[in-house]
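Okay, so here's the structure we're looking at.
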Amino acid sequence: MWKAKIQVTLKKSVLDPQGVAVEKALKTLNYSNVGDVRVGKYLEVSVDGKDREEVEGQIRDMCDRLLTNPVIEDYTFEVTEV
Amino acid sequence: MWKAKIQVTLKKSVLDPQGVAVEKALKTLNYSNVGDVRVGKYLEVSVDGKDREEVEGQIRDMCDRLLTNPVIEDYTFEVTEV
Amino acid sequence: MKFGVVVFPGSNCDLDAYHTVKDVMNQQVEYLWHKEKDLKGTDCVILPGGFTYGDYLRPGAIASLSPVVESIIKFAREGGLVLGICNGFQVLTEADLLPGALYLNLSLQFRCVFTHLLVENSQTPYTKLAGNKVLKIPVAHGDGNYYADPETLKRLEKENRIVFRYCTPEGEITRESNPNGSLANIAGICNEEGNVLGMMPHPERAGEEILGSSDGKIIFDSILEFWGEKR
Amino acid sequence: MKQEMWRQLGLNDKEYQMILEILGREPNYVELSMYSVMWSEHCSYKNSKRVLKMFPTENERTLLGPGENAGIVDIGEGLAVAFKIESHNHPSAIEPYQGAATGVGGIIRDIFTMGARPIALLNSLRFGSLKEDRVKWLFSGVVSGIAGYGNCIGIPTVGGEVYFDESYEGNPLVNAMCVGIMEHEKISLGRAKGEGNSVLLVGARTGRDGIHGVTFASEELGEESEEKRPAVQVGDPFMEKLLVEACLELIEMGVVVGIQDLGGAGLTCATSEMSSRGGTGMDIDVSLVPLREEGMDPFEIMISESQERMLLVVEKDKEETVKKVFDKWELTASVIGKVTGDGMVRVRDKGRLVAEVPARSLAEEAPVYCPEMRFPSYLEKVSPLSLEDIPEPREAEEVFLKMITSPNIASKEWVYRQYDHMVRTCTVILPGSDAALLRIRGTDKGIAMTTDGNGRYVYLDPYLGGMIAVAEAARNLSCSGAEPLAVTDCLNFGNPEKPEVFWQFYKTVEGMSQACREFNTPVIGGNVSFYNETAKGAIFPTPIVGMVGLLENIEQRCTAGYKKEGDIIFLVGEGEPAPGGSEYLKHIHGLLKGSPPQLDFQREKKLQSFLREAVKAGLLSSAHDLSEGGLGVALAEGCFSGNLGIKVELSMEGSLRWDILLFGEVQSQALVTLDPQFKEKITRLAKEKGVPLKEIGFVGGKNYKVEVRSQEMNRTINLPLEEIKDKWRGAIECLVEL
Ligand SMILES: Nc1ncnc2c1ncn2[C@@H]1O[C@H](COP(=O)(O)OP(=O)(O)O)[C@@H](O)[C@H]1O
Ligand SMILES: [Mg+2]
Chain A
1247 MWKAKIQVTL
1257 KKSVLDPQGV
1267 AVEKALKTLN
1277 YSNVGDVRVG
1287 KYLEVSVDGK
1297 DREEVEGQIR
1307 DMCDRLLTNP
1317 VIEDYTFEVT
1327 EV
Chain B
1247 MWKAKIQVTL
1257 KKSVLDPQGV
1267 AVEKALKTLN
1277 YSNVGDVRVG
1287 KYLEVSVDGK
1297 DREEVEGQIR
1307 DMCDRLLTNP
1317 VIEDYTFEVT
1327 EV
Chain C
354 MKFGVVVFPG
364 SNCDLDAYHT
374 VKDVMNQQVE
384 YLWHKEKDLK
394 GTDCVILPGG
404 FTYGDYLRPG
414 AIASLSPVVE
424 SIIKFAREGG
434 LVLGICNGFQ
444 VLTEADLLPG
454 ALYLNLSLQF
464 RCVFTHLLVE
474 NSQTPYTKLA
484 GNKVLKIPVA
494 HGDGNYYADP
504 ETLKRLEKEN
514 RIVFRYCTPE
524 GEITRESNPN
534 GSLANIAGIC
544 NEEGNVLGMM
554 PHPERAGEEI
564 LGSSDGKIIF
574 DSILEFWGEK
584 R
Chain D
55 MKQEMWRQLG
65 LNDKEYQMIL
75 EILGREPNYV
85 ELSMYSVMWS
95 EHCSYKNSKR
105 VLKMFPTENE
115 RTLLGPGENA
125 GIVDIGEGLA
135 VAFKIESHNH
145 PSAIEPYQGA
155 ATGVGGIIRD
165 IFTMGARPIA
175 LLNSLRFGSL
185 KEDRVKWLFS
195 GVVSGIAGYG
205 NCIGIPTVGG
215 EVYFDESYEG
225 NPLVNAMCVG
235 IMEHEKISLG
245 RAKGEGNSVL
255 LVGARTGRDG
265 IHGVTFASEE
275 LGEESEEKRP
285 AVQVGDPFME
295 KLLVEACLEL
305 IEMGVVVGIQ
315 DLGGAGLTCA
325 TSEMSSRGGT
335 GMDIDVSLVP
345 LREEGMDPFE
355 IMISESQERM
365 LLVVEKDKEE
375 TVKKVFDKWE
385 LTASVIGKVT
395 GDGMVRVRDK
405 GRLVAEVPAR
415 SLAEEAPVYC
425 PEMRFPSYLE
435 KVSPLSLEDI
445 PEPREAEEVF
455 LKMITSPNIA
465 SKEWVYRQYD
475 HMVRTCTVIL
485 PGSDAALLRI
495 RGTDKGIAMT
505 TDGNGRYVYL
515 DPYLGGMIAV
525 AEAARNLSCS
535 GAEPLAVTDC
545 LNFGNPEKPE
555 VFWQFYKTVE
565 GMSQACREFN
575 TPVIGGNVSF
585 YNETAKGAIF
595 PTPIVGMVGL
605 LENIEQRCTA
615 GYKKEGDIIF
625 LVGEGEPAPG
635 GSEYLKHIHG
645 LLKGSPPQLD
655 FQREKKLQSF
665 LREAVKAGLL
675 SSAHDLSEGG
685 LGVALAEGCF
695 SGNLGIKVEL
705 SMEGSLRWDI
715 LLFGEVQSQA
725 LVTLDPQFKE
735 KITRLAKEKG
745 VPLKEIGFVG
755 GKNYKVEVRS
765 QEMNRTINLP
775 LEEIKDKWRG
785 AIECLVEL
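Structure (structure tokens):
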């Protein structure tokens, strides 16, 4: 069994209204040292598979087909055996 | 400058309707080897701070006060210097 | 009696609550700006529906940290009447004035429909006149799925703090009548003292027959009744 | 300058020559970019402008016709309504949620720009077949995007339509309409008046989004569209909510000289249009524009389509007032320049001049074309239809069940329950009837609104189809009791450079114009969306008519659902149902053929006037027009929304077949129900109006029971309401959610 942890964020060039709102809120809470904030999605997917390579390929595939929209989002992920 | 990457997930005891939906959708796309899926939030926060310890303390603080709701959510994070 | 309707950036049912109190109930009402701590001597604070701060991060989360909420917490602890509707309910849980949390509807979709509510506790200031009635009141939200851990839930049940549950028009508690997947069909709860009520359905949208129901008025009538007796 | 340069930006060689002549020199890259976006089809209407002149644009009620951000109509007591519809098809095709959301955001800005408080949203949607996975993704994404934006900003989405047909596969249509209300004095215009006045940019920061978005909207969708993907933007309804409040507060204070939203072509469009309309110029400095990203080039700043921004012109000494109001709403307002008197738009970067062009040459004086037209050859193939093409089905009940579960007829509740249609507590007729109705606080009045457009009809006969779109909208309003006021339209077509497409376009507008004249409903604004094509070809020509009507007394209103047992059901209006272009023909027999139902304006106007008066006199329990699915479906819809059964008997004359009688389509007919005590009165009214009236049954029981009889045959559909209602309600959900 493998577990993939996937981070999805809006592309750099795309406006992230949530990030802006959270950044502002943190500043009102007196965290004046806060810079840029981005808010995205986080997914954990368990998959069966014979080796890392296969699993990574599949996860990439899932991200491209369903989990993200490349028009506005980027993603990264790590896979660990469990 | 430091960057914190924060993963927020629903607590195990809380039903995750998004996770269920994604799992179902993946299975319809013929990923029959998919097990449990959890969907959460991912945040990237840039902060200024003198050392790792201070920064980690602050991030924990932000998570407890605003970024997560302890009634339903858990979180983990990593901090890297940038 | 004097009501105060809180306005946050992104509130959007403030106008409706204001209208219902003023034009339907003929009571005094003032807007309370989120940045101000002064509650202007109001007897009942209404936290209206909407999307405070866009509901970004979590509904009600950012709003719960505002200056006006600081005053409302104090006001509530002193026994003041606080009614949180929809987003207002979410603010109240985020501010820890009410237990539990409201998160994503089970359907993953926003729902705007008329629901029926069984009044489980008619001893609160908000339900005095509601007997064991079934009220027809609409919901409109994406995050109304109520969650509390098992102990909290047990306590709520035991202390009779579940004020409204979603039900069929006949008053039966069924899965189909639950629009968001809420635990135990919970639509509204109160604090231990009963002076703070949070509810997902919108009584201010059901104050006049022309809008499809005037059952929401019973809640405002109850508040007035309670206030009259108290004085 | 190299040829590739302007061609890449979508300008042709002749257009480049024009620019040389206007400037008397070569343009630099900033200037070229400005021309390229302003002269795109999306901004300049260069292919459609001449044709649109056919529309009537005025009557005794219009306060403002086309040309500004939205048209305005008087509704009495010093009040007026502003409304407009707009497409966001291409962005929605590649990012359905954000594409649709930003479409809603854009149309709302068009309304409050005019000084009106937005009070309602509608949307008209078209998708391919729901059997396709990608269509499901598009459909659910678009609906949740509309919901996401409208719900958050707190404007109820009260109506619209959704249709599914293969022709829209790969190129869905997403048209959003917004209606606002205002006092006459508050009308504000997108005009830069007064030399020396300040120009302010307010709202969101400017980023690199949507660079060349209008060019993207003015091309067919294809492989390259994938490359141009950053054209899609993310909407921020929260920011827009604050913008609405701040701008309306400013307008209320009377300090706004001119105001315009930034939509397609961003700052370039706003500065040049405002100057052009005001007969002035502008001098702005892009280094004063608050940016979201570092290192943006002046040309990027000038054409960025970042959402949730507005351009304001105010008197010099009012700058501080503006800033104070925007501060309160936690928004930024930045002075970026001033109004000048010489008609030039000058753009500077830290003082250095980077562009200098005549405002009018970008806006009003953009090139205008007369594309070639040709009668489409497909029409010869699809027009003839004979009854022999349509085998008579054996089972009436089976056909009926198939009809009511067709996604085009099934309940749209799956869609509208995701929209907050009640916020602002003014929605008196909720989604599910023929038209939505809103009360107007402080008056007895109500305003009704609807969107309509049957692409299939228009495909089969653009002229007739265009007329029907208008007639149907007016009829839907009349069913609620409202008097039609005016029209806003969104014309969705294929590539206008193809002569057959342009012929469709021309004929449709001709038909719509004719109908608008007949109903005295001028077109006060609208939008054209061309290039709705994929490799498989163009979409059905799809004009969407958004219409608003007035009810003087909101107590005198009517809805489509049956109200009580024992009411009599009447079929009113003249007309013979026909199979051409019907849902029955397509869904049951798989045919797209024939002529759409005929439309006779005299009959139609009589029917509508009868309906309005009957509602006003309080005679009717319900009123519902016949549309897709014909009589059989209309009868059922009354049951579904009223939760009451019916018993109906229809006798057939002549050569009409039962399936055509029940499911053929027709214009100028409606179903009304009423208490038996009003029978005499309604008969008298119908006679007065010259409208035939036929009693066909009554409301009652727990079944939908409809019997068709002739001398030779007898067919009965007798099904329990509860069962068929569940099927009708669940059909779309079933298809979308697997
Ligand atoms: N996309 C949509 N958004 C909101 N409401 C919709 C939408 N589609 C359909 N509706 C509502 O569903 C009801 C039925 O729609 P439709 O069958 O198109 O009506 P009609 O044929 O009378 O125009 C109407 O009240 C309409 O406003
Ligand atoms: Mg209709």
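Protein chains in written order, with the numbering used here: chain A, 1247 to 1328; chain B, 1247 to 1328; chain C, 354 to 584; chain D, 55 to 792. Glycine is no exception: its CB is placed at the ideal position from the N, C-alpha and C atoms.
Quick one: using the 10 Å Cβ neighbour count with 16 as the cut-off for buried, is residue i buried or exposed?
i                 : result
Asn205 (chain D)  : buried
Cys424 (chain D)  : exposed
Ala589 (chain D)  : exposed
Thr542 (chain D)  : buried
Glu765 (chain D)  : A small correction: the amino acid at residue 765 (chain D) is Gln; Glu does not occupy that position in the sequence shown. So Gln765 (chain D) counts as exposed.
Ile74 (chain D)   : As written in the sequence, residue 74 (chain D) is Leu, which differs from the Ile given in the question. Burial call: exposed.
Arg584 (chain C)  : exposed
Lys570 (chain C)  : buried
Met767 (chain D)  : exposed
Thr477 (chain C)  : buried
Phe547 (chain D)  : buried
Val549 (chain C)  : buried
Tyr432 (chain D)  : exposed
Leu441 (chain D)  : exposed
Gln662 (chain D)  : buried
Asn123 (chain D)  : buried
Lys1258 (chain B) : exposed
Asn843 (chain D)  : Because chain D spans 55 through 792 in this model, residue 843 (chain D) falls outside it and cannot be assessed.
Residue i and residue j look like a contact to me (Cβ under 8 Å); what is the Cβ gap, rounded to whole Å?
i                : j                : result
Gly261 (chain D) : Ala155 (chain D) : With a Cβ gap of about 16 Å, Gly261 (chain D) and Ala155 (chain D) do not count as contacting.
Cys366 (chain C) : Cys439 (chain C) : 7 Å
Gly182 (chain D) : Glu140 (chain D) : Gly182 (chain D) to Glu140 (chain D), Cβ: 22 Å. No contact.
Lys30 (chain D)  : Gly696 (chain D) : Chain D is shown from 55 up to 792; residue 30 (chain D) falls before or after that span and cannot be answered.
Gly407 (chain C) : Pro291 (chain D) : 7 Å
Could you name the residues of the region 1260-1274 of chain B whose beta carbon sits closer than 8 Å to any beta carbon of chain C, in the order they occur along the chain? Val1260, Leu1261, Pro1263, Gln1264 and Ala1267
Where are the beta strand (DSSP E) runs, 3 residues long or more, that stay fully inside the region 124-198 of chain D, in chain order? 125-130, 133-141 and 171-181
Would you call the region 323-330 of chain D and the region 220-231 of chain D in contact, with 3 or more CB pairs under 8 Å? no
Can you pull out the residues from the region 1283-1295 of chain B whose beta carbon lies closer than 7 Å to at least one beta carbon of chain A? Val1283, Arg1284, Val1285, Gly1286, Lys1287, Tyr1288, Leu1289, Glu1290, Val1291, Ser1292, Val1293, Asp1294 and Gly1295
Closer than 7 Å, Cβ to any Cβ of chain A: which residues of the region 399-431 of chain C, in chain order? Tyr406, Gly407, Tyr409, Leu410, Ile415 and Leu418
Examine the Cβ distances between the region 521-533 of chain D and the region 393-413 of chain D and report whether three or more of them are shorter than 8 Å. no
Quick one: which unbroken alpha helix (DSSP H) runs of 4-plus residues sit fully inside the region 617-702 of chain D? Chain order, please. 637-643, 655-670 and 684-696
Alpha helix (DSSP H) runs wholly inside the region 457-520 of chain D, at least 4 long, in chain order: 467-470 and 509-514
Taking a cut of 9 Å between CB atoms, which residues from the region 1313-1326 of chain A lie near chain D? Asn1315, Pro1316, Val1317 and Ile1318
Is there contact between the region 1294-1301 of chain A and the region 1256-1274 of chain B, where contact requires at least three CB pairs shorter than 8 Å? no
Can you pull out the residues from the region 291-317 of chain D whose beta carbon lies closer than 9 Å to at least one beta carbon of chain A? Pro291, Phe292 and Met293
Under 9 Å, CB to CB, which of the residues in the region 477-503 of chain D have a partner in chain C? Val477, Arg478, Thr479, Cys480, Thr481, Val482, Leu484, Arg493 and Arg495
Touching by the beta-carbon criterion (3+ pairs, under 8 Å), the region 721-733 of chain D and the region 670-680 of chain D: yes
Report yes or no: do three or more beta-carbon pairs, one from the region 531-540 of chain C and one from the region 490-500 of chain C, lie closer than 8 Å? yes
If contact means a Cβ-Cβ distance below 8 Å, which residues of the region 523-536 of chain C contact chain D? none
Anything in the region 190-203 of chain D with a Cβ closer than 9 Å to a Cβ of chain C? List those residues in chain order, please. Ser194, Val197, Ser198, Ala201 and Gly202
Meets three-Cβ-pair contact criterion under 8 Å: the region 511-528 of chain D and the region 596-614 of chain D: yes
Could you run through the region 363-384 of chain C and flag, in chain order, every residue whose CB is less than 7 Å away from some CB of chain D? Gly363, Asn365, Cys366, Leu368, Asp369 and His372
Count Cβ pairs between the region 241-250 of chain D and the region 1279-1297 of chain A that sit closer than 8 Å; are there 3 or more? no
Three Cβ pairs or more, each shorter than 8 Å: is that satisfied between the region 501-516 of chain D and the region 645-652 of chain D? yes
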